[in-house]
Amino acid sequence: MRKTFVASLTLSVFIFIFSCSTTTKPSEKVVDKTVYGPTEKAYFASGCFWCVEAIFESLKGVKEAVSGYSGGHTKNPTYEDVNTELTGHAESVEVIYDPKIISYETLLKVYFASQDPTQVKGQGPDKGDSYRSIIFYNNATEKTAAENYKKQLDTSGKYKKPIAVEIVPFKIFWKAEAYHQDYEQSHPENPYVQNVSIPRLERMKAQFPELLKSKH
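In terms of the numbering used here, the sequence shown opens at residue 39 and continues consecutively.
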């Protein structure tokens, strides 16, 4: 009985430490009034948005990556709402980029390479509908590019399992609370950031050194 108790306690502590859902601050919705100039926007989900935001923000040509929620049916969702797994939303990122510097096709390559695209409804320790991987396309061109690249990877033999990434039309993006923005950069001491976010970012950087901003 003691071993069972200790094992359960250890598992509970591990889940608490290495989960994107450990933050429990009051909700505070934010309106983004920043003007970025001639840019385009792309929308992706692949696990915890702290990780995904940091990955895209490290790329040359990306003006900003914003954490939020998309893909569901609940209006103006909060972090707590999405964590219930009842909203249909996934933790997502809005990527604001200059297409003259970085193309949508390059964003797709980084997106797929920076995760395990075969993991169903989750990434790493984060499991559930709100952590599923999704590409939200804005138009037919993006849809074709995403479908073609996914098919290319599926038939390449690189992965032993089918790619689980969903490709769906973009509808609306709800910006997350202020304390989630730039979380990896603002909280390097956080256990989840140290053990999940930073290693994931470093793996991406090792694959695409030529795409990184000078400060990275």
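Every residue gets a Cβ at the ideal spot worked out from N, C-alpha and C, and that includes glycine.
If you're wondering where the values come from, they're calculated on a predicted model, not measured in any experiment.
Classify K188 as buried or exposed, calling it buried when 16 or more other Cβ atoms lie within 10 Å of its own Cβ.
-> buried
Among the residues of its own chain, which have a CB less than 6 Å from the CB of T144, if the five just before and after it don't count?
-> none
Compute the beta-carbon to beta-carbon distance between E215 and Y117, rounded to the nearest angstrom, for a pair I have assumed lies under 8 Å.
-> 6 Å
From the DSSP output, in three-state form, read off T84 for me.
-> Reading off the sequence shown, one finds Ser at residue 84, where the question assumed Thr. Note: S84 maps to coil in three-state DSSP.
Taking the C-alpha atoms as reference points, what is the distance between P200 and Q153?
-> 14 Å
Nearest residue (CA-CA) to S171, options A178, N177, V104, G160 | G160
Shortest alpha-carbon distance to G110 belongs to which of E102, A103, V120, V104?
-> V120
Note down the Cα distance separating P137 from K198, rounded to an integer number of angstroms.
-> 33 Å
Name the residue from S96, S235, N186 whose alpha carbon lies nearest to the alpha carbon of P247.
-> S96
Pick helix, strand or coil for L249, following the three-state DSSP scheme.
-> helix
Could you work out which residue in A83, K79, P76 is closest to Y169 when comparing CA atoms only?
-> A83
Three-state class that DSSP yields for E91 in the structure shown = helix
Could you tell me the boundaries of the alpha helix (DSSP H) in which A128 lies?
-> Segment 128-135 is the beta strand (DSSP E) holding A128; no alpha helix (DSSP H) there.
Give me the Cβ distance between Q219 and S105, rounded to the nearest whole Å; I'm assuming they're in contact under 8 Å.
-> 6 Å
Own chain, CB closer than 6 Å to V90, minus 5 neighbours either side, in chain order = S84, V131
Boundaries (first-last residue) of the alpha helix (DSSP H) holding Y149 | 142-151
DSSP beta-bridge partners of L97 = L250
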